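A.B. asks:
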Amino acid sequence: MLKPQTSWTASLPLLLIRRCSRTAASPSPAGDRPLSFVPVCKRRMSTLAHPRFAPLPTEQTESQTDGGAARYQFRLVSYNILAQVYVKSTLFPHSPSACLKWKSRSGAILTELKSFDADFMCIQELDEYDTFYKKNMENSGYSSIYIQRSGDKRDGCGIFYKPKSAELVQKEVILYNDLVEKYVPSDNVNSALENNSSAEEDKNAKPDNSKRGDPNDPRVRLKRDCVGLLAAFKLSDPCDQILIVANTHIYWDPQWIDVKLAQAKYLLSRVSQFEQLISNKYNCKPSVIIAGDFNSTPGDKEDVPFVERGGGCLELD
1 MLKPQTSWTA SLPLLLIRRC SRTAASPSPA GDRPLSFVPV CKRRMSTLAH PRFAPLPTEQ
61 TESQTDGGAA RYQFRLVSYN ILAQVYVKST LFPHSPSACL KWKSRSGAIL TELKSFDADF
121 MCIQELDEYD TFYKKNMENS GYSSIYIQRS GDKRDGCGIF YKPKSAELVQ KEVILYNDLV
181 EKYVPSDNVN SALENNSSAE EDKNAKPDNS KRGDPNDPRV RLKRDCVGLL AAFKLSDPCD
241 QILIVANTHI YWDPQWIDVK LAQAKYLLSR VSQFEQLISN KYNCKPSVII AGDFNSTPGD
301 KEDVPFVERG GGCLELD
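FYI, the UniProt record's numbering numbers position 221 of the sequence shown as 221, with every residue one higher than the one before it.
(1) By DSSP's criteria, histidine 249 is part of a beta bridge. Which residues make up the other side?
(2) Kindly indicate the opening and closing residues of the beta strand (DSSP E) around residue 321.
(3) Which residues does DSSP list as the beta-bridge partners of glycine 228?
(4) Here's a check: name, in chain order, each residue in its chain whose Cβ is nearer than 8 Å to the Cβ of lysine 164, leaving out the five neighbours to either side.
(5) Would you say the region 99 to 110 touches the region 271 to 289, given that touching needs at least three Cβ pairs under 8 Å?
(6) Quick one: grab the DSSP three-state call for alanine 83.
(7) By DSSP, does lysine 234 sit in helix, in strand, or in coil?
(8) Below 7 Å CB to CB, which residues in the same chain sit around glutamine 241 once its five sequence neighbours on both sides are set aside?
(9) Looking at C-alpha atoms only, which residue of Leu261, Tyr282, Ala246 and Pro298 is the closest neighbour of arginine 270?
(10) Taking the alpha-carbon positions, what's the threonine 147 to proline 93 distance?
(11) With C-beta atoms as the reference, is valine 259 less than 9 Å away from aspartate 155?
(12) Select from Leu222, Glu181 and Tyr161 the residue whose C-alpha is nearest the C-alpha of leucine 243.
(13) Grouping DSSP H, G and I as helix and E and B as strand, with all else coil, what is serine 279?
(14) Let me check understanding here. Comparing Cα to Cα, which of Glu128, Arg75, Lys103 and Tyr129 lies closest to phenylalanine 116?
(15) In its own chain, which residues sit with a C-beta less than 7 Å from the C-beta of serine 104, not counting the 5 before and 5 after it?
(16) The alpha helix (DSSP H) with phenylalanine 116 in it runs from where to where?
(17) In three-state DSSP terms, what is cysteine 284?
(18) Return the Cβ separation of phenylalanine 120 and glutamate 167 in integer angstroms, given the expectation that the two are a contact with Cβ distance under 8 Å.
(19) Helix, strand or coil for glutamine 273? Go by DSSP, reduced to three states.
(20) By how many angstroms is the C-alpha of leucine 179 removed from the C-alpha of lysine 265?
(21) Apart from the five residues on each side of it in sequence, which residues of its chain come closer than 7 Å, Cβ to Cβ, to alanine 192?
(22) So, helix, strand or coil for phenylalanine 120, using DSSP?
(23) Cα-Cα, which of Thr90, Tyr176 and Arg149 is closest to leucine 126?
(24) So isoleucine 159 packs on alanine 231, CB below 8 Å; how close in whole Å?
(25) State the beta-bridge partners of leucine 243 as determined by DSSP.
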């Protein structure tokens, strides 16, 4: 089962221990014999030589803050639970087939989510929301909001939260397909979509970009059906602080760097607009947390130039 997403600071391949069978002719313990390892994933995560992360607060730094200000502690978890439609034995040969079936996975994932006892949970690749997760999480004290991906996709993004910890005051959805209209005249968009409507994506595998039309056409290239959520919460007493939580899933393909960066920049612009809206409406300065699966790791070569030059991507309005 996938674990909550973490920013790794080391480059480690995923390894699978090959089981060593013991026979009468070889009674020695497995620990006395060398074990062979088989890489499950050949792609290594690239990281900066000296990753830069925001330091965690220490007792000294906390003592320097305003001691009279109201404080509120909460727990937020971001988790890509892997949509069932993408669970294939060929992709997970190291996992017992029984563990890959929905009946087994759904219960295990639900138990895992509950174990975090988080105030907020930002979930990506969330499918079976209406039929399974919504009701079961309600029984555990959570309310939720959800946006399903565009087109015929079955998964989406959801935010679960405890009403006793925070009150939802406003929400917005992010549809990254809107980027098509930002880069292409609207009269050309409909014709492009009609020309490519017959190219359906295999629902049981990662999308094959060649089946969706000319990948050099921005009307096709930017239509990835990715989504996100923006939610403003009023934290419970004694704080009454407004907190904005964004949850998103950025396009996965490392070869489509321009699309990933266009989505990232659009996300930031939408967060900025939403922050201004909430600030004006509630006369406050809201805190912002952006969570999600960005399909990138700190120091990825495609991201570093974008970050260093302050976002030199296609211009958005």
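A virtual CB, placed ideally from N, CA and C, is assigned to each residue, including glycine. It should be emphasised that the depicted structure is a prediction, and the values quoted were computed from it without experimental measurement.
C.D. replies: Taking the coordinates as given:
(1) Asp293
(2) Because the chain here runs from 1 to 317, residue 321 falls outside it and cannot be looked at.
(3) Ile174 and Thr248
(4) Excluding sequence neighbours, lysine 164 sits near Gly141 and Ser236.
(5) no
(6) DSSP places alanine 83 in coil when its eight states are reduced to three.
(7) Under the three-state reduction of DSSP, lysine 234 is assigned to strand.
(8) Tyr72, Leu235 and Ser287
(9) Ala246
(10) The sequence as given places isoleucine at residue 147; threonine does not occur at that position. Cα-Cα distance, rounded: 31 Å.
(11) no
(12) Tyr161
(13) helix
(14) Among Glu128, Arg75, Lys103 and Tyr129, the Cα nearest to that of phenylalanine 116 belongs to Arg75.
(15) Ala98
(16) 102 to 116
(17) Coil, per DSSP.
(18) Actually they do not touch by this definition, with Cβ atoms about 12 Å apart.
(19) DSSP places glutamine 273 in helix when its eight states are reduced to three.
(20) 11 Å
(21) At alanine 192, the pLDDT of 46 sits below 50, so the modelled position is not reliable; the number obtained from the coordinates is stated separately. Cβ within range, chain order: Asp217, Arg219 and Val220.
(22) strand
(23) Arg149
(24) 5 Å
(25) Phe233 and Ser287
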